[in-house]
Amino acid sequence: MKSFKTILFLVTINFMISCSKEEPTSDPQNPGNSELIESPGQITEEDFESFAGEIGLILNARPLVRKGYKPTQVSLTILANSGDFSETVPIEEHTFMGQLKIPLEGLSDAAKTELTSGVQVSAEYKDENGTTIFTEPAFTYSLQSNPNVRTANATTLSETPENQTLSFNQNSSYYIQRMNADGSGNSFAWRHLPGTTYNDVITANNTEFNGNEPDRGFTFIPIPGEVNTFAIRHTASLRYIKVAPVFINTIPFAIHNAPVLSNNTSLTVIQNLSDYNSFKFRFEQAENDTYIITSLGAGPNGLAIKQVEEYGLTVDPMVNANQSEERFWRVVSIGIEWNVTTIGTSFLAPVLPKPEFGIQYNSVLTNCGSGSLTQTVNSEITETLTTTAGLEESLSMSTSNDISVTAGVNVEFSAELFGVGTTVNASLESTYSHSWSATETSSSWQVENNTTQISLYTSREVIVPSGSASLVYDVQQFYPETKVNFVQRLRVEGTDNGQPLTGNEIRTLFYLTNFTGVITDIEPNSIVVTLKGTITLDKIVKSESNVQDVPANCN
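In our numbering, the protein residues as written are 418 to 972.
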């Protein structure tokens, strides 16, 4: 795990005070009663201006983006008896999250109780033209300060055609990896078995995925006008795969229809053959981001490529009384050199509650003597401030090399304390690492608490004239456990044998390797991705120290 360091800057005036006092000193020019009477002060929270707080909800529209859409706004219909709180709110262009804030100032107790207890909400996500993309079924939501993010349930939303379209570099060599039913990787991959002994059949068996296995490298040539349909070519020999009868010289003798290497190396030639469809293979998306590969040369609608133990791949349901087994696949390339750079941070300002209030010192100093008296008030306290952060999404790309990315995260927002806007800046430095194998992907963005001890000390002399009294106080307002939702923006480029991949080719490989973040932009030779995370500041604090004249009770 790599290190993850955070640095928190609070642009505030912070005095957190634990008070003691020295003996009062009388004015030598005015000798008299030198006793300074100390009594409890009457300062209370209501004596200070305070932010009333707000409640709200945060909606995560990233599942819609993963399916190829670009929501820019969400219309929220809130069914509440205490008022009309329905509103259309913008969706931030990089985080793809939107939030509704309702100020508590002026909100009735009945409305606050109803909203925080839970109300029915429906969300209609729209694009920049106001066209509805998806309407989420109504759900119950409790509006809170510092609310948890609610992720849109878009399981019934179909992907866009562009998002479903696979794009492979015709000059790159790929593995066709077998996948488990749960979407996890398997150590098996397609392999060409050469020569007359094996009749050039294609099987799937254990491999090391080391990039130096010429019998396992394949290239995909798109079939014009047919989505996600390819001619598959063996990279080393340039021969195309077709489904044809395979004769197996065993006892008993067996024959079945299976992928084999043909003798054809020209796409133009096979396009003019009567059995052209036997060279076509369609990728059909299954669950868990895996694919079924269907041969269009077998049956009117094609037949999925399965596997029979000891016989290899087949499209037949049985071979010599052996049941063929369903198989799921994905395409991976480990020869690509990846370049990942950080390009910024985007975030949502937090939904802040009413700040909490604390009193450190609160006393009235009364001088009923004949001369001025001076008292020194010393206040000192050590406060530990903690900032935590972490990512909830990760990169995922097939590679033979470990990938390391250094990223800086910076968020800045305003928090009102004592009626004045205070700028809060949280800056974090982190290193993200990623490694890949056929059966395991490791991504780490280590979360470490960043703790800073602040020793705050104030020392002031309070002079109380004869026959007067002074109210001396040290108070603070603070926000505990403030959560900031952010995304880290990264640009990803890839080259294969020195040739850059297109943005769509990179997008395809990301979708095939269980990438959990969001692709926000597809550029000519790169993509921009975002990874969502949360920063938590355990305390944002500001203090106020003052001396005020108050009536003296010297009678």
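We put the beta carbon where it would ideally sit given N, CA and C, even for glycine.
*Could you tell me which of Gly-752, Ile-722, Thr-636 sits nearest to Leu-684, measuring between CA atoms?*
Numbered from 1 along the sequence shown, position 267 holds the residue referred to as residue 684. If we check each option's Cα against that of Leu-684, Thr-636 comes out closest.
*Which of helix, strand or coil does DSSP assign to Ser-988?*
The requested residue 988 does not occur in the structure, where the chain is confined to residues 418 to 972.
_Enclosing beta strand (DSSP E) for Ile-957 [first to last residue]_ = As a working mapping, residue 957 is identified with position 540 in the sequence shown. 943-967 is the extent of the beta strand (DSSP E) around Ile-957.
*Local Cβ density within 10 Å of Gln-459, reported as buried at 16 or more and exposed below that*: For this step, residue 459 is matched to residue 42 along the sequence shown. Answer is exposed; the Cβ neighbour count stays below 16.
_Buried versus exposed, by CB contacts within 10 Å (16 or more), Gly-911_ = Position 494 of the sequence shown, counted from the start, is the residue given in the question as residue 911. Looking at its Cβ environment, which holds 16 or more other Cβ atoms inside 10 Å, Gly-911 is buried.
*Alpha carbon to alpha carbon, how far is Asp-444 from Ser-456?*
Numbered from 1 along the sequence shown, position 27 holds the residue referred to as residue 444. Numbered from 1 along the sequence shown, position 39 holds the residue referred to as residue 456. Low confidence applies to Asp-444: its pLDDT is 44, below 50, so where it sits in the model is not reliable, and the reading given next is rough at best. If you take the alpha carbons of Asp-444 and Ser-456, they lie about 21 Å apart.
*asked:* My output table needs one value for Pro-554: the three-state DSSP class, helix, strand or coil.
replied: If you number the sequence shown from 1, residue 554 lands on position 137. Strand, per DSSP.
*Collapsed DSSP secondary structure at Pro-520 in the structure displayed*: As a first step, residue 520 must be located in the sequence shown, where it is residue number 103. It is a strand residue.
*Tell me, please, which residues DSSP counts as bridged to Ala-569.*
Taking the first residue of the sequence shown as 1, we reach residue 569 at position 152. Bridge partners of Ala-569: none, in fact.
*Hey, Pro-488 and Phe-513: beta-carbon distance below 8 Å or not?*
Taking the sequence shown and counting its residues from 1, the one referred to as residue 488 is at position 71. Taking the sequence shown and counting its residues from 1, the one referred to as residue 513 is at position 96. Cβ distance < 8 Å, so Pro-488 and Phe-513 count as in contact.
*Entirely within the stretch 467-499 and at least 3 residues each: give me those beta strand (DSSP E) ranges in chain order.*
471-477, 490-496
_Cβ separation of Tyr-591 and Ser-750, assumed to be a contact under 8 Å, to the nearest whole Å_ = Working through the sequence shown from its first residue, we reach residue 591 at position 174. Working through the sequence shown from its first residue, we reach residue 750 at position 333. Indeed, because the Cβ distance is near 5 Å, the residues count as touching under 8 Å.
*With respect to the alpha helix (DSSP H) encompassing Tyr-928, which residues constitute its N-terminal and C-terminal limits?*
Your numbering for residue 928 matches position 511 in the sequence shown. 920-928 is the extent of the alpha helix (DSSP H) around Tyr-928.
*asked:* What does the alpha-carbon distance come out to for the pair Gln-792 and Gly-500?
replied: As a position in the sequence shown, residue 792 is number 375, starting the count at 1. As a position in the sequence shown, residue 500 is number 83, starting the count at 1. Cα to Cα, Gln-792 sits roughly 55 Å from Gly-500.
*Around the C-beta of Pro-719, are 16 or more other C-beta atoms found within 10 angstroms, so that it is buried, or is it exposed?*
Start at 1 with the first residue of the sequence shown, and residue 719 comes out as number 302. In the sequence on display, residue 719 carries Gly and not Pro. The residue is buried, with at least 16 neighbouring Cβ atoms inside 10 Å.
*Grab the span of the beta strand (DSSP E) containing Asn-597 for me, first residue to last.*
Here residue 597 refers to the residue found at position 180 when the sequence shown is read from its first residue. Per DSSP, Asn-597 belongs to no beta strand (DSSP E) and is neither H nor E.
*With a threshold of 16 other CB atoms inside 10 Å of the CB of Ile-550, please say whether the residue is buried or exposed.*
Looking up residue 550 in the sequence shown gives position 133. The residue in question, Ile-550, is buried, as its Cβ has 16 or more Cβ neighbours within 10 Å.
*Inspect the beta-carbon positions of Val-964 and Val-946 and report whether they are closer than 8 Å.*
Start at 1 with the first residue of the sequence shown, and residue 964 comes out as number 547. Start at 1 with the first residue of the sequence shown, and residue 946 comes out as number 529. Taking 8 Å as the Cβ cut-off, Val-964 and Val-946 do not qualify as a contacting pair.
*asked:* Quick check on the DSSP output: the alpha helix (DSSP H) that includes Asn-580 runs from which residue to which?
replied: The sequence position of residue 580 within the sequence shown is 163, counting from 1. Counting along the chain, the alpha helix (DSSP H) containing Asn-580 begins and ends at 578-581.
*Starting from Thr-937, trace the alpha helix (DSSP H) both ways and give me its first and last residue.*
Counting from 1 along the sequence shown, the entry for residue 937 is found at position 520. Run containing Thr-937: none in the alpha helix (DSSP H); it sits in the beta strand (DSSP E), 935-940.
_Does the contact criterion of 3 or more C-beta pairs under 8 Å hold for the stretch 755-770 versus the stretch 636-647?_
no
*Compare the C-alpha of Asn-784 against each of Leu-802, Glu-742, Ile-880 and name the closest.*
The residue given as residue 784 occupies position 367 in the sequence shown. Selected option, being the one with the closest Cα: Ile-880.
*asked:* Please classify Pro-767 as buried or exposed, where buried requires at least 16 neighbouring CB atoms within 10 angstroms.
replied: Here residue 767 refers to the residue found at position 350 of the sequence shown. So Pro-767 counts as buried.
*By Cβ distance below 6 Å, which residues in the same chain neighbour Thr-823 in space, the five residues on each side in sequence not counted?*
Counting from 1 along the sequence shown, the entry for residue 823 is found at position 406. Only Thr-848 meet the Cβ criterion.
*Grouping DSSP H, G and I as helix and E and B as strand, with all else coil, what is Phe-696?*
As a first step, residue 696 must be located in the sequence shown, where it is residue number 279. If DSSP states are grouped into helix, strand and coil, Phe-696 belongs with the helices.
*Go ahead and label Thr-930 buried or exposed: buried means 16 or more other beta carbons lie within 10 angstroms of its beta carbon, across all protein chains shown.*
Within the sequence shown, residue 930 is the residue found at index 513, counting from 1. When all chains shown are included, Thr-930 counts as buried.
*May I have the straight-line CA-CA distance separating Pro-669 from Asp-819, to the nearest angstrom?*
For the purposes of this step, residue 669 is taken as residue 252 along the sequence shown, with counting starting at 1. For the purposes of this step, residue 819 is taken as residue 402 along the sequence shown, with counting starting at 1. Distance between the alpha carbons of Pro-669 and Asp-819 is about 49 Å.
*With DSSP as the reference, label Val-686 as helix, strand or coil.*
If you number the sequence shown from 1, residue 686 lands on position 269. Correct three-state label for Val-686: helix.
*asked:* Alpha carbons only, please: which of Leu-496, Gln-594, Asn-616, Gly-836 is nearest the one belonging to Trp-607?
replied: Counting from 1 along the sequence shown, the entry for residue 607 is found at position 190. Selected option, being the one with the closest Cα: Gln-594.
*asked:* Just to confirm the assignment, what range does the beta strand (DSSP E) spanning Gln-1006 have?
replied: Outside the displayed range of the chain (418 to 972) lies residue 1006, so it cannot be described from this structure.
*Roughly how many angstroms separate the alpha carbons of Asn-686 and Pro-917, rounded to a whole number?*
Position 269 of the sequence shown holds residue 686. Position 500 of the sequence shown holds residue 917. Before going further, note that residue 686 is Val rather than Asn in the sequence given. Computed Cα separation, rounded: 29 Å.
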